[in-house]
Every structure is written in structure tokens, then in C-alpha cells.
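Undergrad: In the numbering used here, the protein residues as written are 1 to 116. I'd like to ask some things about the structure below.
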């Protein structure tokens, strides 16, 4: 599969997974779940779905694991590809990491201002 097709599939999967979680899955633990990105292996066998939660991360991940089969079947129906990838949900901590880096930069600027 070409890189462009793979990137299109990942973007489509991200959009469709967001819609499925919002409209189809009725678990209250997933109300504040956001699909931040999707990566798919070259052979399309595995999709790594990065998610973030506003609160109750553990409950949200447990709910995703319980709903994984349902989500995969809905996704397969929408994507209309020969074989829907196995879904692996991963907590996306890039937002926390970004906030941490921003805080470090702020402290650095504050320390420089105090020196002057």
C-alpha cells in the first residue's frame, strides 16, 4: 500500500472512530474520549489508536477494551476494506508532555528575568 493511501486510511479511521465512539457506543466512560491519531501497520493488520480522556483514564481504557469488538465491526462496515485491522488503544500522553515542556520553558524565562 502506498504511503499516501495509508495516510488517507489513517485519517479516515480517526474520523470514523470518533463518530462511532460519539454516536454508537453508549458507555458513559467514553463520553469524554477523544481519538487524537491513528497509525496503521504497512500490512494493515494492526491499527494503533491514540486516545485521550478528560477524566477517568483507567475507566475509559477498560470501556474501550470491552467495546473493541463492537467498534471494530462498525469500523469494518464503514471502511469497506477486505480486512479491518486489529485495534490497539493507547493513551496519548503527548498533551501532558507538551504542557510539561511549556512549563519548563516558562520557568527558564522566569529564571532569566530574575537574573537581570
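Think of the CB as a built atom: it goes at the ideal place given N, C-alpha and C, for glycine as much as any other residue.
Rounded to a whole number of angstroms, what is the C-alpha to C-alpha distance between residue 7 and residue 104?
TA: Rounded to whole angstroms, residue 7 to residue 104 spans 33 Å at the Cα level.
Undergrad: With distances taken Cα to Cα, identify the nearest neighbour of residue 50 among 113, 115, 106 and 11.
TA: Checking every option, the nearest Cα to that of residue 50 belongs to 11.
Undergrad: What does a CB cutoff of less than 7 Å around residue 76 pick up in its chain, not counting 5 residues either side in sequence?
TA: 84.
Undergrad: Quick one: give me the first and last residue of the alpha helix (DSSP H) that residue 45 is part of.
TA: Note, residue 45: premise wrong, no alpha helix (DSSP H); not H, not E.
Undergrad: Within the continuous alpha helix (DSSP H) that includes residue 86, where are the two ends?
TA: It is not in any alpha helix (DSSP H) - residue 86 instead sits in the beta strand (DSSP E) that spans 86–91.
Undergrad: Under the DSSP definition of a beta bridge, which residues are partnered with residue 53?
TA: Answer is 33.
Undergrad: Tell me the rounded alpha-carbon separation between residue 106 and residue 93.
TA: Looking at the two C-alpha atoms, the distance is approximately 20 Å.
Undergrad: In the structure shown, what three-state DSSP assignment does residue 78 receive?
TA: Helix, per DSSP.
Undergrad: Using a 10 Å radius around the Cβ and a threshold of 16 neighbouring Cβ atoms, would you call residue 29 buried or exposed?
TA: Buried is the call here.
Undergrad: Name the two residues that bound the continuous alpha helix (DSSP H) containing residue 7.
TA: That run of the alpha helix (DSSP H) goes 3–23.
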